[in-house]
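To keep things clear, I will list the structure first and then write my remarks on it.
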Amino acid sequence: MAVDMRLPTVIKAMSLSVSAADRKDMVVPGDVITSDTGFMRGHGTYVDEDKLTASVAGEVQRVDKLICVRPLKTRFNGEVGDVVVGRITEVQQKRWKVETNSRLDSVLLLSSVNLPGGELRRRSAEDELTMREYLQEGDLISAEVQSVFSDGALSLHTRSLKYGKLGQGVLVQLSPSLIKRQKTHFHNLPCGASIILGNNGFVWLYPTPGQQEEEAGGFYTSLEPVSLSDREVISRLRNCLLALAAHKVLLYDTSVLYCYESSLQHQNQNRLHWPTWCLQGNGLVLHARSVQTLKVNR
Amino acid sequence: MAGLELLTDQGYRLDGRKATELRKVQARMGVFAQADGSAYLEQGNTKALAVVYGPHEMRGSRSRALHDRAVINCQYSMATFSTAERKRRPHGDRKSTEMSLHLKQTFEAAVMTQLFPRSQIDIYVKILQSDGGNYSVCVNAATLAVIDAGIPMRDYVCACTVGFVDETPLADLCHAEEGGGVSSLALALLPRGGQIALVQMDARLHQDHLETLIEAAMTACKGVSKVLDGVVRQHLHEASVHSRE
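For the record, the sequence lines run as chains U and Y. Take the first sequence: its position 230, counted from the start at 1, is 230 in the UniProt record's numbering, and no numbers get skipped. Take the second sequence: its position 11, counted from the start at 1, is 11 in the UniProt record's numbering, and no numbers get skipped.
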């Protein structure tokens, strides 16, 4: 059996030119941002003897009188309306606990899911006992944030046909700061797969469903075998996502698509490693670093 | 047989440093992609790796969750190959438990835990090579890892181990100096405000010398904080270049 070996090499940082106008205000914990008391303090700051001080390392964002510091990496801070992809960790009385890469596990109430068949009725004791038949520990779901509890935990709902249990596909776990906020997070990519870009950094790749099942409501998961071409597309997309994330590029449907298209030049036997690409499109220029001894075809 | 001269007449120590000189500090943040925050720090020959997970939901016993703050859970361990003799019990022994408690105390003073009620922050530190000043190197590495994870802190936490020899305080002790009968004191400091997070001493010291020793420790910690500051700013600059599109 052929074995792939890679020698460790230093991945040099890409030197993208940063114009002087883009120079951001970087602060570290303990840095005094301003001594002016007229400003309101936002996230990432605290007041120490009338001085507004940063508590995280990141860039300062000023909106009128509000100053906040956004750290480079943080757990997901959900807001109402965000689309998330999460994993069920617990089945409790009348609710599920969902892990969404945030500070506390999110809550999915029994009254916030669509019952099979799309019925609209009061949840009975019977429903409570059959919760496990619908969602068990380890299942993946896509949901929307309905509200935020006072301690920061999110309350999710799947009250729409596009949300619900996820079937066959690939989950990629990335940082929430890399996902761009858009009008819709569900995309059917023209390359032959579909993608859900969860705001919490979890990205779900799955084969485009053939026909829409009206009565599904996210309850029915198809277990039919996925064709080889679809699986290849999904694997390639996954590697594109990992490469883009390693270079801290903002992820949205167009950037993923450009990456995919330029990766098509590289056909390889088993898996895509870290190819050198140069993408150009709409002023978007991305460089990714290549690793030695790639089995990339010339 | 002449013993090791911890401080020569010209003022040089065993490794050629002066009394107030620190060892060379090299550090890198974000070494692990899968953890929330991670850092690797070398101070002379002592090497430590710190990993931070959190804040996340309490795992294990829910009863230990605090309703108004986060729980900080620290674990200190040494690699079996970190010392000259292979370590039989890398973690779980009394020294490691004591160190873990010290680390927990130190970080509870600095991390703003009241922002994350009912959650848990895990800090794991492993010593890969031990050459003195274990606690201090752990604290410095863990500070970088906590900053990398984006967890709010009041200030950096910098630590240094100092000793007292021949009426002179020696900053940043190495293993030979620690074992040579020197009264050593470890101090963790929040540099900007000059607030002490933890002071620890197991040896015997005349009380007249205590103040000088603490002063020396605070100066050394402020020196360490300058180096850590440089590392964090460098990391910020590198990591944030591309996230604007």
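Backbone N, C-alpha and C define an ideal beta-carbon position, used for all residues, glycine too.
Looking at chain Y, is there any beta carbon in it that lies within less than 7 Å of the beta carbon of residue i?
{"i": "proline 225 of chain U", "result": "no"}
{"i": "arginine 103 of chain U", "result": "yes"}
{"i": "methionine 26 of chain U", "result": "yes"}
{"i": "aspartate 139 of chain U", "result": "no"}
{"i": "valine 285 of chain U", "result": "Residue placement at valine 285 of chain U cannot be trusted, given a pLDDT of 33 that sits under 50; what the coordinates show is reported in the next sentence. Chain Y, which has no Cβ nearer than 7 Å to the Cβ of valine 285 of chain U, makes this no."}
{"i": "histidine 273 of chain U", "result": "Interpretation of histidine 273 of chain U is limited by its pLDDT of 46, a score under 50 that renders its predicted location unreliable; no figure is taken from the coordinates."}
{"i": "aspartate 151 of chain U", "result": "yes"}
Counting contacts by CB-CB distance shorter than 7 Å, is residue i in contact with chain U?
{"i": "glutamate 57 of chain Y", "result": "yes"}
{"i": "phenylalanine 32 of chain Y", "result": "no"}
{"i": "glycine 150 of chain Y", "result": "yes"}
{"i": "proline 169 of chain Y", "result": "no"}
{"i": "arginine 118 of chain Y", "result": "yes"}
{"i": "arginine 28 of chain Y", "result": "no"}
{"i": "leucine 236 of chain Y", "result": "yes"}
{"i": "valine 147 of chain Y", "result": "This sequence places isoleucine at residue 147 of chain Y; valine is not what is there. Yes, isoleucine 147 of chain Y counts as interfacial toward chain U."}
{"i": "arginine 192 of chain Y", "result": "yes"}
Thinking C-alpha only, which one of the options is nearest residue i?
{"i": "threonine 143 of chain Y", "options": "Y:Met78, Y:Glu177, Y:Lys104", "result": "Y:Lys104"}
{"i": "threonine 184 of chain U", "options": "U:Ser194, U:Ser175, U:Lys165", "result": "U:Ser194"}
{"i": "asparagine 239 of chain U", "options": "U:Val256, U:Leu135, U:Val226, U:Phe76", "result": "U:Val256"}
{"i": "tyrosine 252 of chain U", "options": "U:Ile196, U:Tyr206, U:His266, U:Ser235", "result": "U:Ile196"}
{"i": "leucine 108 of chain U", "options": "U:Val170, U:Thr74, U:Phe149, U:Arg6", "result": "U:Phe149"}
{"i": "threonine 212 of chain Y", "options": "Y:Val146, Y:Ala171, Y:Lys226", "result": "Y:Ala171"}
{"i": "alanine 109 of chain Y", "options": "Y:Glu238, Y:Gln195, Y:Pro55", "result": "Y:Gln195"}
{"i": "glycine 11 of chain Y", "options": "Y:Val165, Y:Ala27, Y:Ala217, Y:Tyr135", "result": "Y:Val165"}
{"i": "arginine 41 of chain U", "options": "U:Thr74, U:Lys248, U:Leu66", "result": "U:Leu66"}
{"i": "glycine 44 of chain U", "options": "U:Asp36, U:Arg62, U:Gly38", "result": "U:Arg62"}
{"i": "tryptophan 96 of chain U", "options": "U:Cys68, U:Glu133, U:Val60", "result": "U:Glu133"}
Give the DSSP-derived three-state secondary structure of residue i in the structure shown.
{"i": "arginine 233 of chain Y", "result": "helix"}
{"i": "glycine 135 of chain Y", "result": "According to the sequence provided, residue 135 of chain Y is tyrosine. The question's glycine does not apply to it. Here tyrosine 135 of chain Y sits in helix by DSSP."}
{"i": "glutamine 265 of chain U", "result": "coil"}
{"i": "asparagine 77 of chain U", "result": "coil"}
{"i": "arginine 86 of chain Y", "result": "coil"}
{"i": "glycine 86 of chain U", "result": "strand"}
{"i": "leucine 190 of chain Y", "result": "strand"}
{"i": "glycine 179 of chain Y", "result": "helix"}
{"i": "isoleucine 32 of chain Y", "result": "The amino acid at residue 32 of chain Y is misidentified as isoleucine; the sequence shows phenylalanine. Phenylalanine 32 of chain Y: coil per DSSP, three-state reduction."}
{"i": "aspartate 122 of chain Y", "result": "strand"}
{"i": "cysteine 240 of chain U", "result": "helix"}
{"i": "glycine 217 of chain U", "result": "At glycine 217 of chain U the pLDDT is 49, less than 50, meaning the model places this residue with poor confidence and gives no usable figure here."}
{"i": "arginine 70 of chain U", "result": "strand"}
{"i": "tyrosine 260 of chain U", "result": "helix"}
{"i": "lysine 47 of chain Y", "result": "strand"}
{"i": "aspartate 48 of chain U", "result": "strand"}
{"i": "valine 113 of chain U", "result": "coil"}
{"i": "glycine 223 of chain Y", "result": "helix"}
{"i": "serine 106 of chain U", "result": "strand"}
{"i": "residue 353 of chain U", "result": "Residue 353 of chain U is absent from the structure shown; chain U starts at 1 and stops at 298."}
{"i": "alanine 203 of chain Y", "result": "coil"}
{"i": "lysine 104 of chain Y", "result": "helix"}
Run through chain U and tell me which residues come within less than 8 Å of residue i, C-beta to C-beta.
{"i": "alanine 239 of chain Y", "result": "Leu72, Lys248"}
{"i": "valine 232 of chain Y", "result": "Val28, Ala57"}
{"i": "methionine 112 of chain Y", "result": "Tyr46, Ser55"}
How would you list, in chain order, the residues of chain Y whose beta-carbon sits under 8 Å from the beta-carbon of residue i?
{"i": "glutamate 79 of chain U", "result": "Within chain Y, no residue comes near glutamate 79 of chain U; the closest Cβ sits about 17 Å away, beyond 8 Å."}
{"i": "arginine 6 of chain U", "result": "None at all; the shortest Cβ gap to chain Y is about 16 Å."}
{"i": "arginine 181 of chain U", "result": "Result: empty, since nearest Cβ-Cβ is about 13 Å, beyond 8 Å."}
{"i": "arginine 238 of chain U", "result": "Under the 8 Å cutoff, chain Y gives no residues; its nearest Cβ is about 15 Å from arginine 238 of chain U."}
Under 7 Å between beta-carbons, which chain U residues line up against residue i? List them in chain order, please.
{"i": "methionine 153 of chain Y", "result": "Pro29, Ser55"}
{"i": "aspartate 229 of chain Y", "result": "Val28"}
{"i": "tyrosine 156 of chain Y", "result": "Pro29, Gly30"}
So residue i contacts chain Y; which residues on that side make the cut at Cβ distance below 7 Å?
{"i": "tyrosine 134 of chain U", "result": "Chain Y residues near tyrosine 134 of chain U: none, gap ~22 Å exceeds 7 Å."}
{"i": "arginine 87 of chain U", "result": "By Cβ distance, chain Y contributes nothing, its closest Cβ being about 12 Å from arginine 87 of chain U, past 7 Å."}
{"i": "residue 335 of chain U", "result": "Chain U is shown from 1 up to 298; residue 335 of chain U falls before or after that span and cannot be answered."}
State the CB to CB distance for the pair residue i and residue j, rounded to an integer number of angstroms; the pair is presumed to be in contact (CB under 8 Å).
{"i": "alanine 188 of chain Y", "j": "isoleucine 121 of chain Y", "result": "Their Cβ separation, rounded to whole angstroms, is 17 Å, which puts alanine 188 of chain Y and isoleucine 121 of chain Y out of contact at 8 Å."}
{"i": "leucine 174 of chain U", "j": "leucine 241 of chain U", "result": "7 Å"}
{"i": "proline 117 of chain Y", "j": "valine 56 of chain U", "result": "So it is not a contact: roughly 18 Å between Cβ atoms."}
{"i": "leucine 156 of chain U", "j": "serine 106 of chain U", "result": "5 Å"}
{"i": "serine 111 of chain U", "j": "arginine 123 of chain U", "result": "6 Å"}
{"i": "aspartate 202 of chain Y", "j": "histidine 175 of chain Y", "result": "That pair is no contact at about 15 Å."}
{"i": "leucine 228 of chain Y", "j": "cysteine 138 of chain Y", "result": "Wrong, their Cβ atoms sit about 13 Å apart, outside the cutoff."}
{"i": "glutamine 129 of chain Y", "j": "serine 82 of chain Y", "result": "5 Å"}
Mind pulling the chain U residues with CB within less than 9 Å of residue i?
{"i": "tyrosine 40 of chain Y", "result": "Simply none; closest approach about 15 Å."}
Does residue i have its Cβ less than 7 Å from a Cβ in chain C?
{"i": "lysine 162 of chain U", "result": "In the displayed structure, chain C is absent; the protein chains listed are U and Y."}
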